[in-house]
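Read in our numbering, the sequence shown has 86 at position 82, and its numbers run on one by one without any break. Report on one structure; see the data block that follows.
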Amino acid sequence: MIKWVAIANKPPTMSVDELKTWWLDIHAPNVKKLPGLRKYVVSLTFGAPDEVPNHDGIAELWFDDMAALQKAMESPEAAEGLKDLQSSKVDFTHLFTEEHAIA
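If you want it as structure tokens, here you go:
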């Protein structure tokens, strides 16, 4: 199983509520259409009392293998998701991982 992890940082001009609305109501519906996507989870951060988190959220996308991930990334659905991503100005750092379940 391959997992694509995207770490998000919103622009300073975007509120946390605006990020949540954009991510869950605009971007996520496009992402969940990716061919071969097995699971998709978005987690939005919150700081401990008196703490500001370093990042605003993460997305985790699971695919069977690298071929499935590559097919998804080359799909029209990915192109559509990229359009709303670019218009949002949210900055994402991407990690492509292979899970090793420990417990």
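Even for Gly, the Cβ is constructed at its ideal location relative to N, Cα and C.
* Asked: Exposed or buried, V20, counting other C-beta atoms within 10 Å across all chains shown (16 or more means buried)?
  -> exposed
* If you count every other CB in all the chains shown that lies within 10 Å of the CB of D95, and 16 or more means buried, which is it? -> exposed
* Opposing strand residues paired with N13 [DSSP bridges] -> D95
* Straight-line gap, K37 to K93 (C-alpha atoms, nearest Å) -> 21 Å
* Could you please give the first and the last residue of the uninterrupted alpha helix (DSSP H) stretch that includes E55? => No alpha helix (DSSP H) holds E55; DSSP gives it neither H nor E.
* Starting from E22, trace the alpha helix (DSSP H) both ways and give me its first and last residue. => 20-25
* **Meets three-Cβ-pair contact criterion under 8 Å: the stretch 52-65 and the stretch 80-90** => no
* To do: Compare the Cα-Cα distances from A12 to each of A105, I106, A107, Q90 and report the closest residue.
  => Q90
* To the nearest angstrom, how far is it from the Cα of M77 to the Cα of M18? -> 27 Å
* Asked: Under the DSSP definition of a beta bridge, which residues are partnered with T49?
  -> The partner list for T49 (beta bridge, DSSP) is empty, contrary to what the question assumes.
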